[in-house]
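For reference, the structure is listed below as structure tokens.
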Amino acid sequence: MSASFRIDTAPVAHRLKLLASLGGVPSQVAVALNEVAEETMLDSKAHTPVDTGRLRASGHVSQMATASSLRAELSYGTDYAKFVHEHLRTRHKVGEAKFLENAVNRTAGDMAARLAEKLRALRVAG
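So the sequence shown is numbered by our numbering: it starts at 96 and just counts up by one.
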């Protein structure tokens with residue numbers, strides 16, 4: 096079970112290549128995207144139902160890159176993650192159904208602004 100964020104860099108690929116030759120800005124984009132995805136995963140984990148803790152502990156972020164895009168994927172690695180996520184009738188003592196989807200929805204509105212803020216911080220620090 097997973098959700099993903101993708102940044103399509105094709106429209107600015109030539110600029111990114113130029114910037115990369117001047118100091119690695121595309122790697123900063125990857126770092127910023129990963130940080131935003133990790134924040135969303137933390138939100139999701141805070142709302143993940145807990146029985147043994149195995150489901151919550153299995154949440155992770157991975158990143159894929161091509162010449163024209165970066166993608167961060169958030170996923171849970173248990174065989175029952177999808178059932179727990181999708182079963183709306185179950186009442187949980189801790190957490191809620193749709194824990195990943197709701198986290199993505201809560202954080203999607205300001206994602207571009209958070210990415211921009213992180214890129215500015217990386218540029219200042221670097």
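Backbone N, C-alpha and C fix where the C-beta goes; we use that ideal spot for every residue, glycine too. Every value quoted in this text rests on a predicted model; they were computed, and no experiment measured them.
The three-state reading of DSSP puts residue 199 in helix, counting H, G and I together. DSSP assignment within the region 137–203 yields the following whole alpha helix (DSSP H) runs of 4 residues or more, N-terminal first: 149–153, 176–181, 194–203. Residue burial is scored here from C-beta neighbours: residue 179 has at least 16 other C-beta atoms within 10 angstroms and is therefore classed as buried.
Counting of Cβ neighbours within 10 angstroms places residue 219 among the exposed residues, the total staying below 16. Taking C-beta atoms under 8 Å as the contact rule, residue 166 and residue 159 qualify, at a distance of about 5 Å. Distances from the alpha-carbon of residue 187 to those of 146, 200, 176 put 146 closest. Short of 8 Å from the beta carbon of residue 96, and not among the five residues preceding or following it, lie these beta carbons of its own chain, in chain order: 170, 171, 176, 177, 180, 195. Taking the Cα positions, residue 132 is about 12 Å away from residue 201.
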